[in-house]
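Peer 1: Structure incoming, see below.
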Amino acid sequence: MRLIVAEKPSVGRDIAGALGKHRKGKGALAGDGWTVTWALGHLAELAPPDAYGEEYKKWRLESLPILPGRFKVRVNHKTREQFNVVKGLMKDGSVTEVVNACDAGREGELIFAYLYGLSGCNKPVLRLWISSLTHEAIRAGFDALRDGPSMKPLEDAARSRGEADWIVGMNATRAYSVRFGRPGNVLSVGRVQTPTLKLLVDREREISDFKPEKFWTVHARFSRDGSTYDGVWFKNKQNRLPEREAADRIAEKVRGGTGTVRKAQKKTATEKPPLLYDLTELQRNANARYGFTAERTLRAAQALYEERKLITYPRTSS
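Residue numbering for the sequence shown follows the working numbering, beginning at 906 and increasing consecutively.
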(Lines of atoms letter the chains of each structure in order from A and count residues from 1; the text may use other names and numbers.)
(Lines give C-alpha, C1' and ligand atoms only; values in the text may rest on other atoms or scores of the structure.)
Protein backbone atom coordinates (compact mmCIF):
# COMPACT_ATOMS: atom_id res chain seq x y z
CA MET A 1 0.00 0.00 0.00
CA ARG A 2 1.11 3.55 -0.71
CA LEU A 3 1.04 6.10 2.13
CA ILE A 4 0.75 9.75 1.06
CA VAL A 5 1.68 12.48 3.55
CA ALA A 6 0.28 15.96 2.87
CA GLU A 7 1.23 19.11 4.78
CA LYS A 8 -2.29 19.98 5.95
CA PRO A 9 -5.77 18.40 6.03
CA SER A 10 -7.23 20.55 3.22
CA VAL A 11 -4.49 19.44 0.83
CA GLY A 12 -4.94 15.84 1.94
CA ARG A 13 -8.63 16.04 1.07
CA ASP A 14 -7.82 17.51 -2.35
CA ILE A 15 -5.37 14.69 -3.08
CA ALA A 16 -7.83 12.03 -1.97
CA GLY A 17 -10.54 13.62 -4.09
CA ALA A 18 -8.28 13.52 -7.14
CA LEU A 19 -7.28 9.88 -6.61
CA GLY A 20 -10.81 8.50 -6.39
CA LYS A 21 -13.26 6.98 -3.94
CA HIS A 22 -12.13 6.90 -0.34
CA ARG A 23 -13.35 6.49 3.20
CA LYS A 24 -12.65 8.65 6.20
CA GLY A 25 -10.50 7.40 9.05
CA LYS A 26 -8.89 8.99 12.10
CA GLY A 27 -6.51 11.63 10.73
CA ALA A 28 -6.45 9.95 7.33
CA LEU A 29 -8.42 9.08 4.19
CA ALA A 30 -8.14 5.60 2.69
CA GLY A 31 -8.73 4.54 -0.91
CA ASP A 32 -7.98 1.53 -3.08
CA GLY A 33 -4.31 0.76 -2.45
CA TRP A 34 -3.49 4.12 -0.90
CA THR A 35 -3.97 6.17 2.25
CA VAL A 36 -3.62 9.92 2.62
CA THR A 37 -2.66 11.43 5.96
CA TRP A 38 -1.29 14.85 6.86
CA ALA A 39 0.79 17.00 9.10
CA LEU A 40 -0.65 20.10 10.75
CA GLY A 41 2.20 22.34 9.69
CA HIS A 42 5.21 21.44 11.80
CA LEU A 43 4.30 18.35 13.85
CA ALA A 44 7.92 18.29 15.00
CA GLU A 45 10.42 21.02 15.84
CA LEU A 46 13.95 21.60 17.06
CA ALA A 47 14.20 20.96 20.78
CA PRO A 48 14.85 23.91 23.15
CA PRO A 49 18.19 24.42 24.93
CA ASP A 50 17.17 22.62 28.14
CA ALA A 51 16.91 19.40 26.11
CA TYR A 52 20.72 19.46 25.95
CA GLY A 53 21.33 19.69 29.69
CA GLU A 54 19.99 20.91 33.02
CA GLU A 55 22.48 23.79 32.99
CA TYR A 56 20.55 25.44 30.16
CA LYS A 57 17.22 25.66 31.97
CA LYS A 58 18.25 28.91 33.63
CA TRP A 59 19.21 31.85 31.43
CA ARG A 60 22.80 32.77 32.31
CA LEU A 61 25.56 34.43 30.32
CA GLU A 62 28.01 31.86 31.64
CA SER A 63 26.23 29.03 29.79
CA LEU A 64 26.50 30.73 26.39
CA PRO A 65 27.01 29.98 23.58
CA ILE A 66 24.85 26.88 23.24
CA LEU A 67 26.12 24.98 20.21
CA PRO A 68 24.65 21.47 19.89
CA GLY A 69 26.91 18.94 18.21
CA ARG A 70 23.80 17.29 16.80
CA PHE A 71 20.42 19.01 16.87
CA LYS A 72 17.57 17.20 18.57
CA VAL A 73 14.06 17.15 17.12
CA ARG A 74 10.98 16.71 19.27
CA VAL A 75 7.27 16.25 18.64
CA ASN A 76 5.15 19.37 19.08
CA HIS A 77 3.01 18.56 22.13
CA LYS A 78 0.02 20.47 20.68
CA THR A 79 -0.18 18.14 17.68
CA ARG A 80 1.12 14.89 19.18
CA GLU A 81 -2.14 13.06 18.47
CA GLN A 82 -1.83 13.61 14.71
CA PHE A 83 1.87 12.76 14.85
CA ASN A 84 0.97 9.41 16.38
CA VAL A 85 -1.48 8.82 13.51
CA VAL A 86 1.23 9.51 10.91
CA LYS A 87 3.80 7.43 12.77
CA GLY A 88 1.40 4.50 13.08
CA LEU A 89 0.70 4.56 9.36
CA MET A 90 4.39 4.79 8.47
CA LYS A 91 5.11 1.75 10.65
CA ASP A 92 2.11 -0.18 9.30
CA GLY A 93 3.30 -3.43 7.74
CA SER A 94 0.97 -3.05 4.76
CA VAL A 95 2.63 0.22 3.71
CA THR A 96 5.34 -0.46 1.12
CA GLU A 97 6.23 3.10 0.07
CA VAL A 98 5.69 6.65 1.29
CA VAL A 99 4.95 9.69 -0.87
CA ASN A 100 6.02 13.07 0.45
CA ALA A 101 3.14 15.30 -0.68
CA CYS A 102 4.01 18.26 1.54
CA ASP A 103 4.21 21.70 -0.06
CA ALA A 104 6.64 22.05 -2.96
CA GLY A 105 9.43 23.92 -1.21
CA ARG A 106 12.25 23.48 1.26
CA GLU A 107 9.94 23.72 4.31
CA GLY A 108 7.79 20.95 2.88
CA GLU A 109 10.92 18.81 2.66
CA LEU A 110 11.80 19.57 6.27
CA ILE A 111 8.32 18.90 7.65
CA PHE A 112 8.32 15.47 6.02
CA ALA A 113 11.94 14.71 6.99
CA TYR A 114 11.21 15.37 10.67
CA LEU A 115 8.14 13.10 10.56
CA TYR A 116 9.96 10.36 8.67
CA GLY A 117 12.93 10.44 11.04
CA LEU A 118 10.97 10.56 14.31
CA SER A 119 8.69 7.76 13.12
CA GLY A 120 11.70 5.48 12.59
CA CYS A 121 10.51 4.77 9.06
CA ASN A 122 12.92 3.35 6.48
CA LYS A 123 10.55 2.62 3.60
CA PRO A 124 11.19 3.98 0.09
CA VAL A 125 10.19 7.61 -0.41
CA LEU A 126 8.77 9.26 -3.53
CA ARG A 127 8.12 12.98 -3.95
CA LEU A 128 4.93 14.58 -5.26
CA TRP A 129 5.96 17.99 -6.62
CA ILE A 130 3.00 20.13 -7.71
CA SER A 131 2.19 23.84 -7.65
CA SER A 132 -1.55 23.56 -8.29
CA LEU A 133 -4.27 21.68 -6.42
CA THR A 134 -6.68 21.05 -9.27
CA HIS A 135 -7.52 17.38 -9.71
CA GLU A 136 -5.83 17.39 -13.11
CA ALA A 137 -2.59 18.80 -11.68
CA ILE A 138 -2.60 16.33 -8.80
CA ARG A 139 -3.10 13.33 -11.08
CA ALA A 140 -0.39 14.60 -13.43
CA GLY A 141 1.93 14.94 -10.43
CA PHE A 142 1.37 11.31 -9.46
CA ASP A 143 2.22 10.30 -13.01
CA ALA A 144 5.60 12.05 -12.59
CA LEU A 145 6.65 11.26 -9.03
CA ARG A 146 10.24 12.14 -8.20
CA ASP A 147 12.77 9.99 -6.40
CA GLY A 148 12.79 11.01 -2.73
CA PRO A 149 16.58 11.01 -2.18
CA SER A 150 17.01 13.43 -5.10
CA MET A 151 15.36 16.10 -2.93
CA LYS A 152 17.99 15.80 -0.17
CA PRO A 153 19.78 19.08 -1.06
CA LEU A 154 16.51 20.97 -0.53
CA GLU A 155 16.02 19.26 2.81
CA ASP A 156 19.59 20.16 3.79
CA ALA A 157 18.93 23.80 2.92
CA ALA A 158 15.86 23.81 5.16
CA ARG A 159 17.74 22.15 8.01
CA SER A 160 20.55 24.69 7.71
CA ARG A 161 18.07 27.57 7.78
CA GLY A 162 16.31 26.17 10.84
CA GLU A 163 19.51 25.42 12.74
CA ALA A 164 20.99 28.83 11.92
CA ASP A 165 17.80 30.47 13.22
CA TRP A 166 18.06 28.36 16.38
CA ILE A 167 21.72 29.20 17.05
CA VAL A 168 21.24 32.95 16.57
CA GLY A 169 17.82 33.16 18.19
CA MET A 170 18.44 31.04 21.28
CA ASN A 171 21.87 32.46 22.06
CA ALA A 172 21.34 36.11 21.19
CA THR A 173 17.89 36.29 22.79
CA ARG A 174 19.25 34.90 26.04
CA ALA A 175 22.31 37.14 25.94
CA TYR A 176 20.39 40.37 25.28
CA SER A 177 17.59 39.49 27.71
CA VAL A 178 20.03 38.77 30.55
CA ARG A 179 22.29 41.74 29.78
CA PHE A 180 19.77 44.44 28.89
CA GLY A 181 16.26 43.19 29.72
CA ARG A 182 14.23 43.74 32.84
CA PRO A 183 13.31 40.75 35.03
CA GLY A 184 10.65 38.72 33.24
CA ASN A 185 11.13 40.57 29.95
CA VAL A 186 12.44 38.83 26.84
CA LEU A 187 14.35 40.80 24.22
CA SER A 188 13.74 38.72 21.12
CA VAL A 189 16.66 38.57 18.67
CA GLY A 190 16.54 36.68 15.37
CA ARG A 191 18.68 36.00 12.33
CA VAL A 192 16.14 37.70 10.06
CA GLN A 193 13.97 39.81 12.35
CA THR A 194 16.80 41.81 13.92
CA PRO A 195 18.48 42.97 10.67
CA THR A 196 14.99 43.79 9.36
CA LEU A 197 14.31 45.84 12.49
CA LYS A 198 17.61 47.67 11.91
CA LEU A 199 16.48 48.62 8.39
CA LEU A 200 13.21 49.99 9.79
CA VAL A 201 15.01 51.96 12.50
CA ASP A 202 17.47 53.44 9.99
CA ARG A 203 14.63 54.47 7.70
CA GLU A 204 12.67 56.02 10.56
CA ARG A 205 15.73 57.99 11.62
CA GLU A 206 16.23 59.24 8.06
CA ILE A 207 12.65 60.47 8.06
CA SER A 208 12.86 62.13 11.49
CA ASP A 209 16.24 63.75 10.71
CA PHE A 210 15.17 65.03 7.29
CA LYS A 211 15.45 68.80 6.91
CA PRO A 212 13.25 70.14 4.10
CA GLU A 213 14.89 72.61 1.74
CA LYS A 214 13.11 75.02 -0.59
CA PHE A 215 13.84 74.97 -4.29
CA TRP A 216 12.38 76.46 -7.45
CA THR A 217 11.89 75.15 -10.98
CA VAL A 218 11.14 77.04 -14.18
CA HIS A 219 8.38 75.78 -16.47
CA ALA A 220 7.56 76.99 -19.97
CA ARG A 221 4.82 76.26 -22.48
CA PHE A 222 5.76 76.00 -26.15
CA SER A 223 3.26 76.24 -29.02
CA ARG A 224 3.56 75.22 -32.65
CA ASP A 225 0.93 74.56 -35.31
CA GLY A 226 -1.85 74.51 -32.73
CA SER A 227 -0.09 72.03 -30.47
CA THR A 228 1.47 72.76 -27.08
CA TYR A 229 4.28 71.22 -25.13
CA ASP A 230 5.20 71.89 -21.48
CA GLY A 231 8.90 71.88 -20.72
CA VAL A 232 11.11 72.32 -17.67
CA TRP A 233 14.37 74.28 -17.59
CA PHE A 234 17.44 72.26 -16.71
CA LYS A 235 21.20 72.57 -16.77
CA ASN A 236 23.60 69.63 -16.55
CA LYS A 237 20.58 67.38 -15.88
CA GLN A 238 19.61 69.48 -12.84
CA ASN A 239 16.32 71.41 -12.81
CA ARG A 240 16.19 72.68 -9.21
CA LEU A 241 17.34 76.16 -8.23
CA PRO A 242 18.09 76.97 -4.58
CA GLU A 243 17.19 80.68 -4.92
CA ARG A 244 14.01 82.22 -6.26
CA GLU A 245 15.89 85.18 -7.73
CA ALA A 246 17.80 82.87 -10.06
CA ALA A 247 14.56 81.22 -11.19
CA ASP A 248 12.97 84.64 -11.78
CA ARG A 249 15.92 85.76 -13.90
CA ILE A 250 15.70 82.67 -16.10
CA ALA A 251 11.93 83.01 -16.47
CA GLU A 252 12.20 86.70 -17.39
CA LYS A 253 14.92 85.99 -19.92
CA VAL A 254 12.95 83.36 -21.85
CA ARG A 255 9.41 84.71 -21.43
CA GLY A 256 7.83 85.46 -24.82
CA GLY A 257 10.87 84.20 -26.68
CA THR A 258 11.24 81.68 -29.45
CA GLY A 259 12.50 78.18 -28.84
CA THR A 260 14.74 76.18 -31.12
CA VAL A 261 14.53 72.43 -31.55
CA ARG A 262 18.11 71.20 -31.31
CA LYS A 263 17.43 67.51 -31.60
CA ALA A 264 14.42 65.29 -32.27
CA GLN A 265 14.23 61.52 -32.08
CA LYS A 266 11.54 59.15 -33.24
CA LYS A 267 11.79 55.47 -32.46
CA THR A 268 9.65 52.41 -31.92
CA ALA A 269 9.85 50.80 -28.49
CA THR A 270 8.51 47.51 -27.24
CA GLU A 271 7.04 47.43 -23.75
CA LYS A 272 6.88 43.96 -22.29
CA PRO A 273 3.97 43.03 -20.02
CA PRO A 274 4.82 42.86 -16.31
CA LEU A 275 5.95 39.52 -14.93
CA LEU A 276 3.60 37.45 -12.81
CA TYR A 277 3.66 38.22 -9.10
CA ASP A 278 5.93 36.48 -6.66
CA LEU A 279 4.81 36.55 -3.03
CA THR A 280 7.06 39.45 -1.98
CA GLU A 281 5.91 41.71 -4.81
CA LEU A 282 2.28 40.77 -4.18
CA GLN A 283 2.62 41.66 -0.50
CA ARG A 284 4.35 44.94 -1.36
CA ASN A 285 1.64 46.02 -3.80
CA ALA A 286 -1.22 44.90 -1.56
CA ASN A 287 0.23 46.99 1.25
CA ALA A 288 0.72 50.05 -0.96
CA ARG A 289 -2.75 49.88 -2.54
CA TYR A 290 -4.94 48.50 0.23
CA GLY A 291 -2.89 48.73 3.42
CA PHE A 292 -2.83 44.93 3.83
CA THR A 293 -0.22 43.46 6.16
CA ALA A 294 2.12 40.84 4.73
CA GLU A 295 0.37 38.18 6.82
CA ARG A 296 -3.08 39.14 5.51
CA THR A 297 -1.89 38.97 1.92
CA LEU A 298 -0.26 35.58 2.54
CA ARG A 299 -3.50 34.23 4.03
CA ALA A 300 -5.45 35.47 1.02
CA ALA A 301 -2.96 33.95 -1.43
CA GLN A 302 -2.94 30.67 0.49
CA ALA A 303 -6.75 30.55 0.38
CA LEU A 304 -6.75 31.25 -3.37
CA TYR A 305 -4.34 28.32 -3.77
CA GLU A 306 -5.79 25.76 -1.36
CA GLU A 307 -9.50 26.54 -1.31
CA ARG A 308 -10.34 28.25 -4.60
CA LYS A 309 -7.72 26.54 -6.80
CA LEU A 310 -7.24 29.82 -8.68
CA ILE A 311 -3.47 30.32 -8.33
CA THR A 312 -0.37 28.18 -8.02
CA TYR A 313 1.59 27.56 -4.82
CA PRO A 314 2.41 31.03 -3.42
CA ARG A 315 5.25 30.29 -1.01
CA THR A 316 8.04 30.20 -3.58
CA SER A 317 10.38 32.85 -4.95
CA SER A 318 8.99 32.50 -8.47
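For glycine and all other residues, C-beta sits at the position ideal for the given N, C-alpha and C.
Taking all protein chains shown into account, do 16 or more other C-beta atoms lie within 10 angstroms of the C-beta of Phe1017, making it buried, or fewer, making it exposed?
Peer 2: Taking the first residue of the sequence shown as 1, we reach residue 1017 at position 112. Burial call: buried.
Peer 1: Looking only at its own chain, which residues have a Cβ that is under 6 Å from the Cβ of Gly922, when we skip the five neighbours before and after it?
Peer 2: Counting from one through the sequence shown, the residue named residue 922 turns up at place 17. The answer is none, since no qualifying residue turns up.
Peer 1: Look at Trp939 and Ile909 and say whether their C-beta atoms are less than 8 Å apart.
Peer 2: Residue mapping note: residue 939 aligns to position 34 of the sequence shown, counting from 1. Residue mapping note: residue 909 aligns to position 4 of the sequence shown, counting from 1. Contact flag set, yes.
Peer 1: Helix, strand or coil: which one does DSSP assign to Thr1185?
Peer 2: Along the sequence shown, one-based indexing puts residue 1185 at 280. Of the three classes helix, strand and coil, the one that applies to Thr1185 here is helix, per DSSP.
Peer 1: Tell me, to the nearest whole angstrom, how far the beta carbon of Glu1060 is from that of Pro1029; I am working on the premise that it is less than 8 Å.
Peer 2: The residue labelled residue 1060 in the question sits at position 155 within the sequence shown. The residue labelled residue 1029 in the question sits at position 124 within the sequence shown. With a Cβ gap of about 16 Å, Glu1060 and Pro1029 do not count as contacting.
Peer 1: Spatial neighbours of Val1123 within its chain, please: CB distance less than 6 Å, with the 5 preceding and 5 following residues excluded, ordered by chain position.
Peer 2: The count along the sequence shown starts at 1 and reaches residue 1123 at position 218. If we look at Val1123 and ignore the five residues flanking it on each side, its Cβ neighbours are Trp1138, Ala1152, Ile1155 and Ala1156.
Peer 1: Are the Cβ atoms of Glu950 and Val978 separated by less than 8 Å?
Peer 2: Reading the sequence shown from its first residue, position 45 is the one you call residue 950. Reading the sequence shown from its first residue, position 73 is the one you call residue 978. It is a contact, given that the beta carbons lie within the stated cut-off.
Peer 1: Please classify Pro1117 as buried or exposed, where buried requires at least 16 other C-beta atoms within 10 Å of its C-beta.
Peer 2: Looking up residue 1117 in the sequence shown gives position 212. With fewer than 16 other Cβ atoms within 10 Å, it is exposed.
Peer 1: Work out the CA separation of Gly1022 and Lys996 for me, nearest whole Å.
Peer 2: For this step, residue 996 is matched to residue 91 along the sequence shown. For this step, residue 1022 is matched to residue 117 along the sequence shown. So the alpha carbons of these two residues sit roughly 12 Å apart.
Peer 1: Would you kindly check if the distance between the Cβ of Thr942 and the Cβ of Leu1015 is under 8 Å?
Peer 2: Taking the first residue of the sequence shown as 1, we reach residue 1015 at position 110. Taking the first residue of the sequence shown as 1, we reach residue 942 at position 37. For Leu1015 and Thr942, no; Cβs fall outside 8 Å.
Peer 1: Determine the contact status of Ala1006 and Ile920, defining contact as a CB-CB distance below 8 Å.
Peer 2: Within the sequence shown, residue 1006 is the residue found at index 101, counting from 1. Within the sequence shown, residue 920 is the residue found at index 15, counting from 1. Yes, these two residues count as a Cβ contact at 8 Å.
Peer 1: Which value, in whole angstroms, describes the spacing of the CA atoms of Glu967 and Gly1046?
Peer 2: Taking the first residue of the sequence shown as 1, we reach residue 967 at position 62. Taking the first residue of the sequence shown as 1, we reach residue 1046 at position 141. Going from the Cα of Glu967 to the Cα of Gly1046 covers about 52 Å.
Peer 1: By the DSSP assignment, the beta strand (DSSP E) with Val910 in it spans what residues?
Peer 2: Position 5 of the sequence shown, counting from 1, holds the residue named residue 910. Arg907 to Ala911 is the extent of the beta strand (DSSP E) around Val910.
Peer 1: How big is the Cα-Cα spacing for Asp955 and Trp1071?
Peer 2: Numbered from its first residue, the sequence shown carries residue 955 at position 50. Numbered from its first residue, the sequence shown carries residue 1071 at position 166. Answer to the nearest angstrom: the Cα atoms are 13 Å apart.
Peer 1: Name the one or two DSSP bridge partners that Asp1135 has.
Peer 2: Your numbering for residue 1135 matches position 230 in the sequence shown. Beta-bridge pairing links Asp1135 to Arg1126.
Peer 1: Mapping DSSP to helix, strand and coil, what is Trp1071?
Peer 2: On the sequence shown, position 166 is the one that residue 1071 refers to. Helix at Trp1071.
Peer 1: Would you kindly report the start and end of the unbroken beta strand (DSSP E) that includes Leu934?
Peer 2: If you number the sequence shown from 1, residue 934 lands on position 29. Leu934 -> beta strand (DSSP E) spans Ala933 to Ala935.
Peer 1: Using DSSP bridges, identify the partner residues of Leu951.
Peer 2: Taking the sequence shown and counting its residues from 1, one reaches residue 951 at position 46. BP columns for Leu951 point to Val978.
Peer 1: Taking just the CA atoms, how far does Val1159 sit from Trp1121?
Peer 2: For the purposes of this step, residue 1121 is taken as the residue at position 216 of the sequence shown. For the purposes of this step, residue 1159 is taken as the residue at position 254 of the sequence shown. In a straight line, the C-alpha of Trp1121 is about 16 Å away from that of Val1159.
Peer 1: In this structure, does DSSP put Gly1161 in helix, strand or coil?
Peer 2: What you label residue 1161 is simply residue 256 of the sequence shown in a count that begins at 1. Note: Gly1161 maps to coil in three-state DSSP.
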